[in-house]
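I have placed the structure first, in the form of structure tokens, so that the comments after it can refer back to it.
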Amino acid sequence: MAKRDYYEVLGVTKGASVAEIKKSYRRLAMKYHPDRNSDDEDAEARFKEAKEAYEVLKDDDKRAAYDRFGHEGVRTGPGGAGYGAEGFGDIFGDVFGDIFGGGRRGASQVFRGADLGYELKLDLERAVKGDAVTIDVPTQVVCNECDGNGSEKGSDPVKCTTCGGAGQVRMQQGFFSIQQTCPACKGAGTVISNPCKKCHGRGRVSKTKTLNVKVPAGVDDGDRIRLSGEGEAGRNGGPPGDLYVEIRVTPHKIFERAGSDLSCEVPISFACATLGGEVELPTLNGNVSLKVPAGTQSGKVFRLRGKGVTTVRDHRTGDLFAKVAVETPVHLTPEQESLLIQFENLVGAGGEQHNPRAGGWLETVKRFFEKISQ
Numbered sequence: 001m002a003k004r005d006y007y008e009v010l011g012v013t014k015g016a017s018v019a020e021i022k023k024s025y026r027r028l029a030m031k032y033h034p035d036r037n038s039d040d041e042d043a044e045a046r047f048k049e050a051k052e053a054y055e056v057l058k059d060d061d062k063r064a065a066y067d068r069f070g071h072e073g074v075r076t077g078p079g080g081a082g083y084g085a086e087g088f089g090d091i092f093g094d095v096f097g098d099i100f101g102g103g104r105r106g107a108s109q110v111f112r113g114a115d116l117g118y119e120l121k122l123d124l125e126r127a128v129k130g131d132a133v134t135i136d137v138p139t140q141v142v143c144n145e146c147d148g149n150g151s152e153k154g155s156d157p158v159k160c161t162t163c164g165g166a167g168q169v170r171m172q173q174g175f176f177s178i179q180q181t182c183p184a185c186k187g188a189g190t191v192i193s194n195p196c197k198k199c200h201g202r203g204r205v206s207k208t209k210t211l212n213v214k215v216p217a218g219v220d221d222g223d224r225i226r227l228s229g230e231g232e233a234g235r236n237g238g239p240p241g242d243l244y245v246e247i248r249v250t251p252h253k254i255f256e257r258a259g260s261d262l263s264c265e266v267p268i269s270f271a272c273a274t275l276g277g278e279v280e281l282p283t284l285n286g287n288v289s290l291k292v293p294a295g296t297q298s299g300k301v302f303r304l305r306g307k308g309v310t311t312v313r314d315h316r317t318g319d320l321f322a323k324v325a326v327e328t329p330v331h332l333t334p335e336q337e338s339l340l341i342q343f344e345n346l347v348g349a350g351g352e353q354h355n356p357r358a359g360g361w362l363e364t365v366k367r368f369f370e371k372i373s374q
């Protein structure tokens with residue numbers, strides 16, 4: 001019986017990706033597996049045909065040879081790699097392994113190093129203007145005695161006899177084949193018979209690294225700076241992890257920050273609020289003069305455009321919001337008290353002309369009591 005085209009068997013086009021081929025094979029294998037169709041010889045043949053096609057098309061070299069020479073370009077036995085429990089297990093190793101992290105492994109697995117975190121405290125000025133900071137980070141680095149393989153000089157790790165160097169063992173449950181990390185080598189695929197005395201077979205040692213961190217201008221509390229490759233060293237030659245430096249901006253004595261804007265409270269005297277005047281106001285780029293109009297009430301907020309923070313993301317410069325607080329004089333002398341009483345009598349005689357807010361408030365209170373007394 002002539003063999004059908006492998007692409008036709010799997011129901012995919014010649015330009016199909018490996019993911020599409022796997023998806024189609026998984027569907028057909030689940031449908032036609034002999035354990036599910038014990039009385040259907042046609043299903044058994046379909047399963048063998050699908051597996052043979054998959055074994056060729058999933059491999060780049062075999063697929064290229066097949067595309068060029070057809071079935072003569074690849075050599076497969078009748079039924080390909082078989083269709084028993086082992087064949088069905090390959091569905092999980094090759095197809096489902098991409099989802100669950102299983103699949104076939106090399107003789108020696110490599111593991112990426114762990115990512116690390118570091119909390120960097122900065123005052124507001126340094127966060128706004130940027131800085132270069134030196135930090136000390138405790139981490140795991142490759143052991144220089146064994147070059148990271150965990151064995152004493154002159155010896156090497158040996159293949160794990162439990163998993164045969166695969167790093168995983170397969171457990172059979174009916175027609176399901178489940179892979180799990182080898183308990184003997186912990187997934188490494190090798191075991192160390194003569195461990196390095198410096199790292200005790202771990203391949204890594206503890207060390208505090210000194211790193212230079214460039215803090216860009218405008219960072220805010222909670223921002224993170226990623227230092228690629230500065231995390232813990234990987235295992236079995238795996239790549240190192242990354243270091244994430246998290247910015248913590250300490251509270252400022254004058255300013256509070258909200259994104260690109262700053263705010264502060266400015267105390268002014270009773271006379272300045274009444275008569276008007278100028279107050280020297282601090283900003284992160286030096287002092288500026290704030291004009292206070294006559295009759296300014298406590299709590300009035302003045303906006304100084306462009307005196308805020310230039311953010312690190314969109315480079316937008318915010319504003320500074322200055323809230324004035326009229327300060328009540330304390331520790332008055334008898335003469336000052338006498339003058340203040342005279343002033344209060346003179347102002348009080350003017351009624352709402354001099355105290356519009358107080359007059360309006362008293363009128364509101366009066367109407368309130370009239371309403372509840374009805």
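So that you can map any letter, position 348 of the sequence shown is 348 in our numbering, and since no number is skipped, the others follow by simple counting. Backbone N, C-alpha and C define an ideal beta-carbon position, used for all residues, glycine too.
- [ ] Please specify which runs of the alpha helix (DSSP H), each continuous and at least 4 residues long, are wholly inside the segment 117–190, giving them in chain order.
- [x] 124–129
Open item on the list: Is the separation between the beta-carbon of K198 and that of V191 shorter than 9 Å?
Closed with: For the purposes of this step, residue 198 is taken as residue 198 along the sequence shown, with counting starting at 1. For the purposes of this step, residue 191 is taken as residue 191 along the sequence shown, with counting starting at 1. No, the pair does not count as a contact, with Cβ atoms beyond the cut-off.
TODO: Might you give, ordered along the chain, the residues of its own chain that have their beta carbon closer than 7 Å to the beta carbon of P157, omitting 5 neighbours on each side?
DONE: The residue given as residue 157 occupies position 157 in the sequence shown. Cβ within range, chain order: N149, G150, S151, T190, V191, I192.
Task: G167 to S228 span [Cα, whole Å] - done: Against the sequence shown, residue 167 aligns to sequence position 167. Against the sequence shown, residue 228 aligns to sequence position 228. Answer to the nearest angstrom: the Cα atoms are 28 Å apart.
- [ ] Kindly list the residues whose CB is nearer than 7 Å to the CB of F69, restricted to its own chain and excluding five residues on each side of it in sequence; keep chain order.
- [x] What you label residue 69 is simply residue 69 of the sequence shown in a count that begins at 1. Answer for F69: no residue qualifies.
Task: Helix, strand or coil at A325 [DSSP, three-state] - done: Taking the first residue of the sequence shown as 1, we reach residue 325 at position 325. The answer is strand: DSSP assigns A325 an E or B state.
Open item on the list: Can you give me the C-alpha to C-alpha distance between T283 and E335, rounded to a whole angstrom?
Closed with: Numbered from 1 along the sequence shown, position 283 holds the residue referred to as residue 283. Numbered from 1 along the sequence shown, position 335 holds the residue referred to as residue 335. Roughly 38 Å separates the two Cα atoms.
Open item on the list: Between which residues of its own chain and G237 is the CB-CB distance below 7 Å, once the five residues before and five after are set aside?
Closed with: In the sequence shown, residue 237 corresponds to position 237, counting from 1. So the qualifying residues of the chain are V110, G148.
Open item on the list: Please identify the residue among S269, K121, A188 whose C-alpha is closest to the C-alpha of V213.
Closed with: As a working mapping, residue 213 is identified with position 213 in the sequence shown. If we check each option's Cα against that of V213, K121 comes out closest.
Open item on the list: If contact is defined by three or more beta carbon pairs under 8 Å, each pair taking one atom from either stretch, is the segment 285–293 in contact with the segment 245–253?
Closed with: no
Task: 9 Å Cβ cutoff met for K209 and V133 - done: Here residue 209 refers to the residue found at position 209 when the sequence shown is read from its first residue. Here residue 133 refers to the residue found at position 133 when the sequence shown is read from its first residue. Not a contact, by the Cβ cut-off of 9 Å.
Open item on the list: Bridge partners for E278 per DSSP, in chain order?
Closed with: The sequence position of residue 278 within the sequence shown is 278, counting from 1. K291.
Task: Range covered by the alpha helix (DSSP H) that runs through K307 - done: To locate residue 307, count along the sequence shown from 1; it is residue 307. It is not in any alpha helix (DSSP H) - K307 carries neither H nor E in the DSSP assignment.
TODO: Mark Q179 as exposed unless 16 or more other C-beta atoms lie within 10 angstroms of its C-beta, in which case mark it buried.
DONE: To locate residue 179, count along the sequence shown from 1; it is residue 179. Buried.
Open item on the list: Out of L332, R235, T364, R257, which one is the CA nearest neighbour of T311?
Closed with: Within the sequence shown, residue 311 is the residue found at index 311, counting from 1. Among L332, R235, T364, R257, the Cα nearest to that of T311 belongs to R257.
Open item on the list: What does the alpha-carbon distance come out to for the pair L320 and G306?
Closed with: Reading the sequence shown from its first residue, position 320 is the one you call residue 320. Reading the sequence shown from its first residue, position 306 is the one you call residue 306. L320 and G306: Cα-Cα distance of roughly 7 Å.
TODO: Check whether the Cβ atoms of S298 and A273 lie closer than 9 Å to each other.
DONE: Here residue 298 is taken as the residue at index 298 of the sequence shown, counted from 1. Here residue 273 is taken as the residue at index 273 of the sequence shown, counted from 1. In this structure, A273 lies closer than 9 Å to S298 by Cβ.
Task: Cβ pair G130, V219 closer than 9 Å - done: In the sequence shown, the residue the question calls residue 130 occupies position 130. In the sequence shown, the residue the question calls residue 219 occupies position 219. Cβ distance < 9 Å, so G130 and V219 count as in contact.
Open item on the list: Once DSSP output is grouped into helix, strand and coil, what is the label at L332?
Closed with: On the sequence shown, position 332 is the one that residue 332 refers to. If DSSP states are grouped into helix, strand and coil, L332 belongs with coil.
Open item on the list: What does the alpha-carbon distance come out to for the pair D39 and K48?
Closed with: The count along the sequence shown starts at 1 and reaches residue 39 at position 39. The count along the sequence shown starts at 1 and reaches residue 48 at position 48. Answer to the nearest angstrom: the Cα atoms are 15 Å apart.
Task: Backbone CA spacing between V18 and I225 [nearest angstrom] - done: Here residue 18 is taken as the residue at index 18 of the sequence shown, counted from 1. Here residue 225 is taken as the residue at index 225 of the sequence shown, counted from 1. Answer to the nearest angstrom: the Cα atoms are 36 Å apart.
Open item on the list: Restricting to Cα atoms, I'd like to know which of S263, A127, E55 is closest to T250.
Closed with: Here residue 250 is taken as the residue at index 250 of the sequence shown, counted from 1. The shortest Cα separation from T250 among S263, A127, E55 belongs to A127.
Open item on the list: Buried or exposed, going by whether 16 or more other CB atoms sit within 10 Å of the CB of P78?
Closed with: Taking the sequence shown and counting its residues from 1, one reaches residue 78 at position 78. Its pLDDT being 41, under 50, P78 is placed unreliably in this model, and the value from its coordinates should be taken loosely. So P78 ends up on the exposed side.
Task: Neighbourhood of A217 by C-beta distance below 7 Å, restricted to the same chain and skipping five residues each side - done: Here residue 217 refers to the residue found at position 217 when the sequence shown is read from its first residue. Result list for A217: V128, K129, G130, T310, V312, in chain order.
Task: CA nearest to the CA of G187, picked from N194, N144, T162 - done: Looking up residue 187 in the sequence shown gives position 187. That would be T162, whose Cα lies nearest to the Cα of G187.
Task: Per-residue burial, K22 [other beta carbons within 10 Å of its own, 16 or more giving buried] - done: Locating residue 22 in the sequence shown gives position 22, counting from the first residue. Buried is the call here.
Open item on the list: Need the endpoints of the beta strand (DSSP E) that I21 sits in, please.
Closed with: To locate residue 21, count along the sequence shown from 1; it is residue 21. Segment 18–32 is the alpha helix (DSSP H) holding I21; no beta strand (DSSP E) there.
Open item on the list: So, for P183: in the same chain, excluding its five sequence neighbours on each side, which residues have a beta-carbon less than 8 Å away from its beta-carbon?
Closed with: Locating residue 183 in the sequence shown gives position 183, where the first residue counts as 1. Taken in chain order, the residues that qualify are T162, V169.
- [ ] May I ask which residues mark the beginning and end of the beta strand (DSSP E) holding L284?
- [x] On the sequence shown, position 284 is the one that residue 284 refers to. From DSSP, L284 is part of no beta strand (DSSP E); its letter is neither H nor E.
TODO: State the DSSP-derived secondary structure class of D60, mapped to helix, strand or coil.
DONE: Within the sequence shown, the letter at position 60 stands for residue 60. Helix.
Open item on the list: Please state the DSSP three-state secondary structure of K3.
Closed with: The residue given as residue 3 occupies position 3 in the sequence shown. Coil.
Open item on the list: Considering Cα atoms alone, identify which of L281, Y32, R63 is closest to T13.
Closed with: As a first step, residue 13 must be located in the sequence shown, where it is residue number 13. Out of L281, Y32, R63, R63 has the C-alpha closest to the C-alpha of T13.
- [ ] Locate the beta strand (DSSP E) running through P195, then write down its first and last residues.
- [x] Position 195 of the sequence shown, counting from 1, holds the residue named residue 195. No beta strand (DSSP E) holds P195; DSSP gives it neither H nor E.
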